[in-house]
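Here the structure is laid out as C-alpha cells; the discussion comes afterwards.
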Amino acid sequence: MGVNKKIPLRKCVATGEMKPKKEMIRIVRSKEGEVSIDPTGKKSGRGAYLSKDKDVILLAKKKNTLANQLQAKIDESLYDELISLVEKE
Numbered sequence: 000m001g002v003n004k005k006i007p008l009r010k011c012v013a014t015g016e017m018k019p020k021k022e023m024i025r026i027v028r029s030k031e032g033e034v035s036i037d038p039t040g041k042k043s044g045r046g047a048y049l050s051k052d053k054d055v056i057l058l059a060k061k062k063n064t065l066a067n068q069l070q071a072k073i074d075e076s077l078y079d080e081l082i083s084l085v086e087k088e
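The structure is reproduced here in C-alpha cells:
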C-alpha cells in the first residue's frame, strides 16, 4: 500500500523549482529572529528551502533571497556553512 507514497515537495526559494524535500536544505528563523540551518527539517519557525547545490546557494546569497524570505539578516557564515554542507554530500 505504501508504494506510491507522495514525496513531499518543497519550493527552492532561489530558483523557484519544486524538488523533493530530501534534496533541499531548510533554513529556519526562530521567533527570536535567529537564523539557522535545520538539517532535520523539524525546527519550529519560519522556514525557507534551498536546493542542495552550491550554485543555487551562491545565487541566493547574491540576490539576498533568504533575507527576503525569512525577513531577517543573514550572516555571511551561514552561506559558508551551507556550501560546506552541500560539498560534503
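Take 0 as the starting number for the sequence shown in numbering that gives the first Met the number 0 and just add one per residue. Every residue gets a Cβ at the ideal spot worked out from N, C-alpha and C, and that includes glycine.
Contact set for residue i: own chain, Cβ-Cβ below 7 angstroms, skip 5 residues either direction
i   : result
A59 : V12, A13, L49, L65
K30 : G44
Three-way DSSP call (helix, strand, coil) for residue i in this model
i   : result
I24 : strand
N67 : helix
K87 : helix
T82 : Here residue 82 is Ile; the residue named in the question, Thr, does not match the sequence. DSSP places I82 in helix when its eight states are reduced to three.
Contact belief for residue i with residue j at Cβ below 8 angstroms, rounded distance in angstroms
i   : j   : result
K20 : P38 : Not quite, the Cβ-Cβ distance comes to about 12 angstroms (not below 8 angstroms), so this is no contact.
I73 : V27 : That pair is no contact at about 12 angstroms.
Contacts around residue i, its chain only, beta-carbon distance under 8 angstroms, and the 5 residues preceding and following it disregarded
i   : result
G32 : A71
E86 : K53
L88 : One detail in the question is off: residue 88 reads as Glu in this sequence, not Leu. K51.
L81 : I24, I26, I36, L49, I56
Contacts around residue i, its chain only, beta-carbon distance under 6 angstroms, and the 5 residues preceding and following it disregarded
i   : result
K10 : M17
G40 : R25
Check your understanding: In the region 7-65, which residue ranges form an unbroken alpha helix (DSSP H) of at least 4 residues, counting only runs that do not cross its ends?
Key -> 53-62
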